[in-house]
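Enquirer:
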Amino acid sequence: MSAEDQKPRAAPPPGIPVQPNGGLDAWLQVFGGFFVYFNTWGLIITFGVFQSYYQNHLLSHYSPSQISWIGTIQAFLLVEVGIISGPLYDHGHLRYLIAAGAFFLVLGMMMTSLAKDYYSIFLSLGVCTGLGMGFVFFPGITSISTYFTTRRGLANGIAASGSALGAVVYPIVLRELITRASFPWAVRAVGFIVLLTLLVPVFIMKPLFLPTGKRKLTDKTMFTDRVYALFALTNFIGWLGVQIPLFYAALFAEYVVGRTQENAFYMLAIIGAGSFPGRLLTPLAGDRFGPLWVYPICMALAGILTLVWIRVTTYGGLVVVALLYGFAYGGIVSLPPPAVAALTTDMRTLGTRIGAAFSIAGVSVLVGPPIAGAIEGSSSGFTGLFAFSGAMMMAGSLCLFYVGYLHHQQVRRRSGV
């Protein structure tokens, strides 16, 4: 598949502004999007630090599966709120959505610093921050894709590298401040960082396409576009396994490899560091070969590395596998928005389509880590946990390759080749 495969399938409807594919306004969206990713997926990756801390201290009488529900509801809401925030973005409410999301994110972090019992932590760290992430994330990433055509992958990759930086910064901040101050003040520090950095997208991001006249909140063409619908459904399989290594990397380093809890916290930062080149290079490859080909390659690589993870017994080997997994994970998170854009003709509906596609993956994000936690708590242990994760990603990659093939054939038919 060439870059031609990801261009719109037909001429855009009349009256739609030309996508600039560069310029000051376009790159400002990328700059704002960088901090959107920093405070969404950067924090999602960081949950492994919370999982490890709660399992060893505040919630030690709860099972790993029960604790992981806090992180899974957070990640679930990040992707599921797109059902609401995507259409609202298409109606021109970008800044209101990001401002509301920033409010919920900061509120959730501050309340987490005060929470002492499971249900308070679940509501503050899981529900409140998850809602905030969902309202921030989809408007931010959708705005970037509407401003670019042939450089869409590059733009999304630069923005997505923000989550790699967040995945390095936030675990280290938590680790250092938990040791030097206290857990509550470490979480408050994260809340202050979130507040300051989200002011950037609130003030500089703006939609390219403003609604003209009355529009519906749904896009009925989603349900008749066979390739798009299949893409959305196949995400369910692969994403069952995607988040699992992030939740259990620190615990694996502590209990299997024998690192101290403090050193184990750095596993999330290592994965984040590996994801930085992944978020930059895989979207560039998507611009060249098509995101619908590169995305399943990243999913397959992540699945293979997760299966290799089972055999790791040394810290050096674990660092190598974690870095490589981070690279693949960077592509998995960065490529879906340009992939959906490649399947979209009318960019005015892109927010709705991205939100719907992610919402299906959100169900997987919700149930995958708790299933893994239940497996880890059984006789299968970490071996069964990582085997389940790897198998789901391998199966998902095969389905996504088929979607790429169908789209390629669709483009060939339309171009008369």
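Its first residue numbered -9, the sequence shown is counted upward by one per residue in the working numbering.
Note that CB positions come from ideal geometry on N, CA and C, so glycine has one too.
Taking buried to mean at least 16 other C-beta atoms within 10 Å of its own C-beta, is E(-6) buried or exposed?
Expert: Residue confidence for E(-6) is low, a pLDDT of 43 falling below 50, so the modelled location carries little weight; the figure read from the coordinates is stated next. E(-6) is exposed by the Cβ-count criterion.
Enquirer: For a quick check, are the C-beta atoms of M195 and S151 less than 8 Å apart?
Expert: Not a contact, by the Cβ cut-off of 8 Å.
Enquirer: Assuming F112 and I60 make a contact with CB atoms under 8 Å, what is their CB distance in whole Å?
Expert: Correct: roughly 5 Å between the Cβ atoms.
Enquirer: Assuming Q233 contacts A351 under a Cβ cut-off of 8 Å, what Cβ separation, rounded to an integer in Å, is found between them?
Expert: The Cβ separation is near 10 Å, so there is no contact.
Enquirer: How is M382 classed by DSSP in three states: helix, strand or coil?
Expert: Residue state, collapsed to three classes: helix.
Enquirer: Check whether the Cβ atoms of A331 and S135 lie closer than 8 Å to each other.
Expert: Against a cut-off of 8 Å, the Cβ pair of S135 and A331 comes out as a contact.
Enquirer: For M382 and F279, what's the separation of their Cα atoms in angstroms?
Expert: Answer to the nearest angstrom: the Cα atoms are 25 Å apart.
Enquirer: Assign C389 to one of three DSSP states: helix, strand, or coil.
Expert: Helix at C389.
Enquirer: Buried or exposed for G321, going by 16 or more other Cβ atoms inside 10 Å?
Expert: When all chains shown are included, G321 counts as buried.
Enquirer: Consult DSSP for Y52 and reduce its assignment to one of helix, strand or coil.
Expert: Note: Y52 maps to coil in three-state DSSP.
Enquirer: Taking 8 Å as the cut-off, decide whether the C-beta atoms of L241 and Q45 are in contact.
Expert: Against a cut-off of 8 Å, the Cβ pair of Q45 and L241 comes out as a contact.
Enquirer: Would you identify the three-state DSSP class for F275, choosing helix, strand or coil?
Expert: It is worth fixing the name first, because residue 275 is Ala in this sequence and not Phe. Residue state, collapsed to three classes: helix.
Enquirer: Could you work out which residue in L271, L188, L186 and R165 is closest to V177 when comparing CA atoms only?
Expert: When only C-alpha atoms are compared, the closest one is R165.
Enquirer: Could you tell me the distance, in whole angstroms, from the CA atom of G276 to the CA atom of R141?
Expert: Computed Cα separation, rounded: 10 Å.
Enquirer: Measuring straight from C-alpha to C-alpha, what distance separates P197 and L87?
Expert: Answer to the nearest angstrom: the Cα atoms are 12 Å apart.
Enquirer: Mapping DSSP to helix, strand and coil, what is Q409?
Expert: The first residue shown for the chain is -9 and the last is 407, placing residue 409 beyond what the model contains.
Enquirer: Which term fits G116, buried or exposed, when burial requires 16 or more other beta carbons within 10 angstroms of its beta carbon?
Expert: Buried, because 16 or more other Cβ atoms sit within 10 Å of the Cβ of G116.
Enquirer: CB T30 to CB L68, shorter than 8 Å?
Expert: Taking 8 Å as the Cβ cut-off, T30 and L68 qualify as a contacting pair.
Enquirer: Measuring straight from C-alpha to C-alpha, what distance separates A364 and I294?
Expert: Distance between the alpha carbons of A364 and I294 is about 22 Å.
Enquirer: Just reading off the alpha helix (DSSP H) that L18 is part of, what are its end residues?
Expert: That run of the alpha helix (DSSP H) goes L14 to F28.
Enquirer: Counting along the chain, where does the alpha helix (DSSP H) carrying C288 start and finish?
Expert: Its alpha helix (DSSP H) spans residues P281 to W299.
Enquirer: Which residue marks the beginning of the alpha helix (DSSP H) containing P327, and which one marks its end?
Expert: First-last of the alpha helix (DSSP H) with P327: P326 to A332.
Enquirer: The alpha helix (DSSP H) with D107 in it runs from where to where?
Expert: Run containing D107: none; DSSP gives neither H nor E here.
Enquirer: Quick one, which of G122, H51 and V217 has its alpha-carbon nearest G181's?
Expert: Of G122, H51 and V217, the residue nearest in Cα terms is G122.
Enquirer: Looking at the secondary structure, which residues open and close the alpha helix (DSSP H) in which Q45 lies?
Expert: Unbroken alpha helix (DSSP H) run through Q45: W31 to N46.
Enquirer: Give the C-beta separation of P191 and G130 to the nearest angstrom, bearing in mind that I take them to be a contact with Cβ-Cβ under 8 Å.
Expert: The pair is a contact, with the Cβ atoms about 6 Å apart (cut-off 8 Å).
Enquirer: DSSP state of S368, grouped into three classes?
Expert: In the structure shown, S368 sits in coil (DSSP, three-state: anything other than H, G, I, E or B).
Enquirer: Suppose the cutoff is 6 Å on Cβ atoms and the five residues either side in sequence are ignored; what does the same chain contact list for S103 look like?
Expert: Cβ neighbours of S103 beyond the five flanking positions: P174, V177 and R178.
Enquirer: Distance check for L396 and A105, CA to CA, integer angstroms please.
Expert: Straight-line Cα distance between these residues: approximately 49 Å.
Enquirer: What number of angstroms, rounded off, separates the C-alpha of L258 from the C-alpha of P161?
Expert: Straight-line Cα distance between these residues: approximately 7 Å.
Enquirer: Can you give me the Cβ contacts of A223 inside the same chain, cut-off strictly under 7 Å, excluding the 5 residues immediately before and after it?
Expert: A small fix is needed here, since residue 223 is Leu in this sequence, not Ala. Answer for L223: I350, listed in chain order.
Enquirer: Rounded to a whole number of angstroms, what is the C-alpha to C-alpha distance between G371 and L236?
Expert: Those two C-alpha atoms are separated by around 16 Å.
Enquirer: Check this for me: beta carbons of T373 and I261, under 8 Å apart or not?
Expert: In this structure, I261 does not lie closer than 8 Å to T373 by Cβ.
Enquirer: Where do the ends of the alpha helix (DSSP H) carrying S114 lie?
Expert: Counting along the chain, S114 falls outside any alpha helix (DSSP H), and DSSP gives it neither H nor E.
Enquirer: Quick check: what's the CA-CA separation for A362 versus S58?
Expert: Cα to Cα, A362 sits roughly 9 Å from S58.
Enquirer: Out of F317, P77, Y137 and P273, which one is the CA nearest neighbour of A157?
Expert: If we check each option's Cα against that of A157, F317 comes out closest.
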